[in-house]
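Okay, so here's the structure we're looking at.
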Amino acid sequence: MSIMDALGLGELTRMSKRQVIFHHRLFDYSFIYSLHVQKILYQFLNFGMIISSAMMIWKGLMVATGSESPIVVVLSGSMEPAFHRGDLLFLTNHKEDPIRVGDIVVFKIKGRDIPIVHRVLTLHEK
43 MSIMDALGLG ELTRMSKRQV IFHHRLFDYS FIYSLHVQKI LYQFLNFGMI
93 ISSAMMIWKG LMVATGSESP IVVVLSGSME PAFHRGDLLF LTNHKEDPIR
143 VGDIVVFKIK GRDIPIVHRV LTLHEK
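According to the numbering used here, the residues represented by the sequence shown are 43 to 168, in order.
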């Protein structure tokens with residue numbers, strides 16, 4: 043029995059040099075470990091790219107709409123039939139436009155994190 047047969051490389055004459063190197067590396071545990079680490083690093087890189095893309099989109103919406111919170115979710119059914127629970131509202135902040143009857147406004151009360159969505163029914167001017 044030759045050394046090549048003992049190593050499982052008896053068919054060496056039929057394999058290309060690239061196949062022999064790859065075959066040799068399959069039995070090298072550091073190569074397998076480095077592949078595993080590369081896959082993990084690749085997954086972390088993908089996750090980081092997804093998170094950073096979401097943050098850039100969010101910041102872009104904040105700049106474009108002029109609103110601190112450009113997207114809010116309707117939490118109650120008080121705005122039905124116009125808006126249902128779970129609907130997403132895209133907000134804009136046009137300070138130069140006056141508020142009119144029929145407009146939908148979103149505001150925050152000091153000390154509460156959840157914004158409140160209401161339709162303007164009447165205007166009271168001082």
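From the three backbone atoms N, C-alpha and C, an ideal C-beta is built for every residue, glycine too. These numbers come from a predicted model, not from an experiment.
Excluding the 5 residues flanking residue i on each side, which residues of the same chain have their C-beta closer than 7 Å to its C-beta?
i, result
"Ser112", "According to the sequence provided, residue 112 is Pro. The question's Ser does not apply to it. Taken in chain order, the residues that qualify are Leu103, Met104, Phe132 and Leu133."
"Lys137", "none"
"Ser95", "none"
May I ask which residues mark the beginning and end of the beta strand (DSSP E) holding residue i?
i, result
"His160", "Ile158 to Arg161"
"Phe125", "Phe125 -> no beta strand (DSSP E), and no H or E assigned at all."
"Leu130", "Leu130 to Phe132"
"Ile146", "Ile146 to Phe149"
State the Cα-Cα distance for the pair residue i and residue j, rounded to the nearest angstrom.
i, j, result
"Phe86", "Gly153", "37 Å"
"Ile146", "Val162", "6 Å"
"Asp155", "Met91", "28 Å"
"Pro157", "Val148", "6 Å"
"Gly108", "Leu130", "17 Å"
"Pro140", "Gln80", "56 Å"
"Tyr84", "Lys150", "41 Å"
So is residue i buried or exposed if we call it buried at 16+ other beta carbons inside 10 Å?
i, result
"Val172", "Not covered by the structure: residue 172. The range shown for the chain is 43 to 168."
Excluding the five sequence neighbours on either side, which residues of its own chain have a C-beta within less than 8 Å of the C-beta of residue i, listed in chain order?
i, result
"Arg127", "Val116, Leu117, Ser118 and Gly119"
"Val143", "Val162, Leu163, Thr164 and Leu165"
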